[in-house]
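Single-structure report; data block below.
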Amino acid sequence: MSNGKSGDFFVIKALQDGVNVIGLTRGTDTRFHHSEKLDTGEVMIAQFTEHTSAVKVRGKAMIQTSHGEMYTDEAE
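The opening residue of the sequence shown carries number -15 in the working numbering; numbering runs sequentially from there.
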């Protein structure tokens, strides 16, 4: 039985107001399917699914995955 979840969790912490987190779809055409706006200190915990294959982060943020921790270039 499939529960619709297929992947790793990741954490995005906003280091400034107005950080955009955009989910991109799977398939032959990559499209935006969801977006969130985070303010300083807000944390979003997300998971890759059968619908989400990539995430775009715009703004100053820290991103944690099972592969490590990274910052957007704006955060350096």
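Virtual Cβ for every residue (Gly too), placed ideally from N, Cα, C.
*Which residues in the same chain have their Cβ closer than 8 Å to the Cβ of H17, if we skip the five residues on either side of it in sequence?*
G7, L8, T9, H35 and T36
*How many whole angstroms separate the CB atoms of T56 and V41, which I take to be in contact at a CB cut-off of 8 Å?*
6 Å
*Once you ignore the five residues that flank M46 on each side, which residues in its own chain have a CB closer than 7 Å to its CB?*
K(-3), L(-1), E53, Y55 and A59
_Quick check: the Cα distance between H51 and K21, rounded to an integer number of angstroms?_
24 Å
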